[in-house]
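Protein sequences appear in the order of chains F and P.
With the working numbering, you'll find the first sequence wraps up at 351, consecutive numbering, no jumps.
With the working numbering, you'll find the second sequence wraps up at 1249, consecutive numbering, no jumps.
Even glycine gets a Cβ: it sits at the ideal position worked out from N, Cα and C.
These notes are about the structure you will find just below.
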Amino acid sequence: MRKIGLNLIFIFCLMSCSSSEEEYIPVPYQLEIPQLFKEKLIAPAIPNNNPLTQEGVALGKKLFFDKKLSGDGTQSCASCHHPQKAFTDNLQFSVGIDGKQGSRNSMPLFNLAWNFDEKFAWDGKDFTLENQALEPVANPIELHADWRKVAERLQNDAEYPTLFSQAFGTTKIDSTLITKALAQFERTLISGNSKFDKFLLGEVALTPEEQNGFDVFMDEAKGDCFHCHGSNNNPLWTDNQFHNNGLDRSFTDLGLGVVTGDPADHGKFKSPSLRNLKFTAPYMHDGRFATLEEVINHYSEGLQASPTIDPLMKKVNQGGVNLTPKDKADLKAFLLTLSDEEFINNPDFKE
Amino acid sequence: MKKIIWFFVIIAFTSCKDDTDCCVNLEPVNVTLKFTHNWDGTPVTASDFNSFNYVTENGESVSIERLRYVVSNVNLGGESKPYQLVDLGINSGFEITFNNVAQGVNNLNFTFGFSDADNIDGVYQDLNTVSFNVPGMLGGGYHYMQFDGKYKDTNNLDANFNYHAIRAVNRSDPNNLIFEDTSFLVDFGSVTITNKATIEIKMNIAEWFKNPNTWNLNQLNTVLMPNFEAQKLISANGKSVFSLGDILQ
Chain F
1 MRKIGLNLIF
11 IFCLMSCSSS
21 EEEYIPVPYQ
31 LEIPQLFKEK
41 LIAPAIPNNN
51 PLTQEGVALG
61 KKLFFDKKLS
71 GDGTQSCASC
81 HHPQKAFTDN
91 LQFSVGIDGK
101 QGSRNSMPLF
111 NLAWNFDEKF
121 AWDGKDFTLE
131 NQALEPVANP
141 IELHADWRKV
151 AERLQNDAEY
161 PTLFSQAFGT
171 TKIDSTLITK
181 ALAQFERTLI
191 SGNSKFDKFL
201 LGEVALTPEE
211 QNGFDVFMDE
221 AKGDCFHCHG
231 SNNNPLWTDN
241 QFHNNGLDRS
251 FTDLGLGVVT
261 GDPADHGKFK
271 SPSLRNLKFT
281 APYMHDGRFA
291 TLEEVINHYS
301 EGLQASPTID
311 PLMKKVNQGG
321 VNLTPKDKAD
331 LKAFLLTLSD
341 EEFINNPDFK
351 E
Chain P
1001 MKKIIWFFVI
1011 IAFTSCKDDT
1021 DCCVNLEPVN
1031 VTLKFTHNWD
1041 GTPVTASDFN
1051 SFNYVTENGE
1061 SVSIERLRYV
1071 VSNVNLGGES
1081 KPYQLVDLGI
1091 NSGFEITFNN
1101 VAQGVNNLNF
1111 TFGFSDADNI
1121 DGVYQDLNTV
1131 SFNVPGMLGG
1141 GYHYMQFDGK
1151 YKDTNNLDAN
1161 FNYHAIRAVN
1171 RSDPNNLIFE
1181 DTSFLVDFGS
1191 VTITNKATIE
1201 IKMNIAEWFK
1211 NPNTWNLNQL
1221 NTVLMPNFEA
1231 QKLISANGKS
1241 VFSLGDILQ
């Protein structure tokens, strides 16, 4: 009797070991959150149905750079969102696999987990990062692929089924899991180590020009940039909201207005983060400004009145606040202190 | 001696019993404070934004595009909430619920904005995240209110206004800023709670332009944050903005 009992226990142990080897449990991924973000901001938004795992992030990275996601295998997400350019390109409008141009400038990608409203794209049309990732793959002027064929292609790949199994516990690949993996990788793209971050941490000093530029940025009577673009207390340098910043008197692109159907939203676009401007030219939703000088001139003298212009745009009938040449130059110098070289050179974010 | 001891024992037990029987132990109740907004009695919600629906005391036609404000040290009886951001544009922060309010008479009050003691630069992460901060050159801390929109100017053209309330700061000498705490107490006195209740707190937005200072938007419209005198006027007008509405229980 005793012998039978011992044998049963032995068999049970073997079965347990065998079962735990088959069931692969992904390892939770810990975001490296910059000190200032921890101090100043609420915790990033990670959806319960797509927690970050090391396997999921690694898979997302592989997919991000994989041209199998395009219709003809010539482009990947990274074609328009290049790491060295803070995950945008330097084109006014990106060019898809068929040589067609879009009508919006490719948005840089970083600090996306702090977009708490989870409205992505210039016009906020994509709710959640996972849904956003669905769009460019199928878009005829972007990657122009059929999601079913993309999934099939990955399914027939030598590596992907195993990688999906390790990340999501299934070898069955579909667009939902692909976009989940992509979103996991994108949430790891954190930029928080610019010169200005180091200044706030007491590690470096600003030049007098940069300091004056920051003062212009924060002065309601001058730049008044802080109301929409954050401050030393909001290291995202965006409010992630939608504004009409006085680019046009009438609109060829209605922006948020197309999404909501509300005329009050015509001409409103997302405030982009001011981090990494050094790498992300040209500027605005339509890439109309090639340089930061042009951007600053717009806010200083070029504002165009329209019914939906944001009330925070000052002195519209005079074109803007009319900054002095020195204040303009210093403002640019300050803006460039938000450049994060470590971010664009981070090997974790490169192919 | 033994009889005396027994006497006290009996008295003690009897007292306890009486004590239990005689007193009514009222259970604490949930009470929700509900912030509503109106323009001289006409309800205002986000759906009323972006239209010239309102006329100020001074006669300017006004369109509201953004209205968010902080109330702090919200007290009802012994219950308290440190602060809350109310944002009409996104229908957020309208309610504060206290789960343990004693039945009976309770005092209800809050501070509009932050008193100096609580107006600490950069410490409220949720407010940082929505960029509610005040620049360091103005003393830092937080806005009390951001109220933005358009008005029809004297030429009947659209013009912008930013009626932003902060702690008043005199910057005549940038090296020696002089501050004045322009937050204010809104005290509704005692409120009798007899059951689970919802207490309406009404903001009459028109009052910001009315009482005691008739506000001329053609003169005071933007760049009010560094305007020491304007901040004091805003604070004075704010004191008649809030009133107690319906109490449902």
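Note to self: Using CA atoms only, rank isn't needed, just tell me which of E1027/P, N1025/P, L1033/P is closest to S1243/P.
What the structure shows: L1033/P
Next item on the list: For chain F, find out if any of its Cβ atoms is closer than 8 Å to the Cβ of M1203/P; answer yes or no.
Entry: no
Next item on the list: Quick one: residues in its chain with C-beta nearer than 8 Å to the C-beta of N346/F, no 5 flanking neighbours on either side, listed in chain order?
Entry: P83
Notebook entry, point to check: chain P partners of F196/F, CB-CB under 7 Å?
Noted result: Per Cβ cutoff of 7 Å: no residues; F196/F is ~14 Å from chain P at best.
Next item on the list: Under 7 Å between beta-carbons, which chain F residues line up against T1042/P? List them in chain order, please.
Entry: Residues of chain F passing the Cβ test: none, with the nearest at roughly 19 Å.
Next item on the list: List the residues of chain F that E1065/P touches, going by C-beta distances under 7 Å, in chain order.
Entry: P311
Notebook entry, point to check: Pick from N1100/P, P1212/P, N1025/P, T1198/P: whose alpha carbon is nearest that of S1240/P?
Noted result: P1212/P
Notebook entry, point to check: What does V204/F touch in chain P if you count any residue whose Cβ is under 9 Å from its own?
Noted result: Result: empty, since nearest Cβ-Cβ is about 18 Å, beyond 9 Å.
Item checked: Near-chain F residues of the stretch 1156-1182 of chain P (beta-carbon distance less than 9 Å), N- to C-terminal order -> L1157, D1158, A1159, N1160, F1161, N1162, H1164
Notebook entry, point to check: Can you name the residues of chain P whose CB is closer than 8 Å to the CB of S231/F?
Noted result: S1131, N1133, P1135
Next item on the list: Could you pull the start and end residues of the beta strand (DSSP E) that Q1146/P belongs to?
Entry: 1145-1152
Checklist line | Strand pairing of S1080/P, partner residues [DSSP] | finding: N1075/P
Notebook entry, point to check: So, are the CB atoms of F334/F and F214/F less than 8 Å apart?
Noted result: yes
Note to self: Using DSSP's beta-bridge definition, name the partner residues of Y1069/P.
What the structure shows: V1086/P, M1145/P
Item checked: Integer Cβ distance of M218/F from P1135/P, believed to fall under 8 Å -> 4 Å
Check: Whose C-beta lies closer than 7 Å to the C-beta of L1185/P among residues of the same chain, with five residues either side of it excluded?
Finding: N1109, T1111
Notebook entry, point to check: Just checking, does the stretch 78-98 of chain F make contact with the stretch 281-290 of chain F on the three C-beta pairs under 8 Å criterion?
Noted result: yes
Margin query: Does R1167/P pass the burial test, meaning 16 or more other C-beta atoms within 10 Å, or should it be called exposed?
Written below: buried
Notebook entry, point to check: Do P263/F and G255/F have their CB atoms nearer than 8 Å?
Noted result: no
Next item on the list: Determine which residues share a DSSP beta bridge with W114/F and list them.
Entry: DSSP lists no partner for W114/F.
Item checked: DSSP three-state assignment for F120/F, whether helix, strand or coil -> strand
Check: Residue range of the beta strand (DSSP E) that F1110/P falls in?
Finding: 1104-1112
Margin query: For a contact defined as C-beta to C-beta under 7 Å, what are the partners of D1148/P on chain F?
Written below: P311, L312
Notebook entry, point to check: Measuring CA to CA, which of F1049/P, F1035/P, E1027/P, D1040/P is closest to E1207/P?
Noted result: D1040/P
Checklist line | L352/F - partner residues in DSSP beta bridges | finding: One cannot answer for residue 352/F here, as it falls past the ends of chain F, which runs 1 to 351.
Margin query: By the DSSP assignment, the beta strand (DSSP E) with M1203/P in it spans what residues?
Written below: 1197-1204
Margin query: Along the stretch 36-50 of chain F, where does the CB come closer than 7 Å to a CB of chain P? Name the residues.
Written below: K40, L41, I42
Notebook entry, point to check: Whose CA, out of R288/F, G287/F, P325/F, lies closest to the CA of K301/F?
Noted result: As written in the sequence, residue 301/F is Glu, which differs from the Lys given in the question. Residue P325/F is the option with its Cα nearest to E301/F.
Next item on the list: List the DSSP bridge partners of L1185/P.
Entry: T1111/P
Item checked: Contact set between T1222/P and chain F, taken where Cβ atoms lie within less than 7 Å -> K314
Next item on the list: Express the C-alpha separation of L247/F and G320/F in angstroms, rounding to a whole number.
Entry: 12 Å
Item checked: Distance CB(L323/F)-CB(V216/F) smaller than 8 Å -> yes
Notebook entry, point to check: Hey, does E118/F have any beta-carbon neighbour from chain P nearer than 8 Å?
Noted result: no
Next item on the list: Go ahead and pull the three-state DSSP assignment for I409/F.
Entry: Because residue 409/F is not part of the residues shown, which for chain F are 1 to 351, the question remains open.
Next item on the list: Taking only beta carbons into account, state which residues of the stretch 1109-1127 of chain P come closer than 8 Å to chain F, listed in chain order.
Entry: D1121, G1122, Q1125, D1126
Check: Under the DSSP definition of a beta bridge, which residues are partnered with T88/F?
Finding: H82/F
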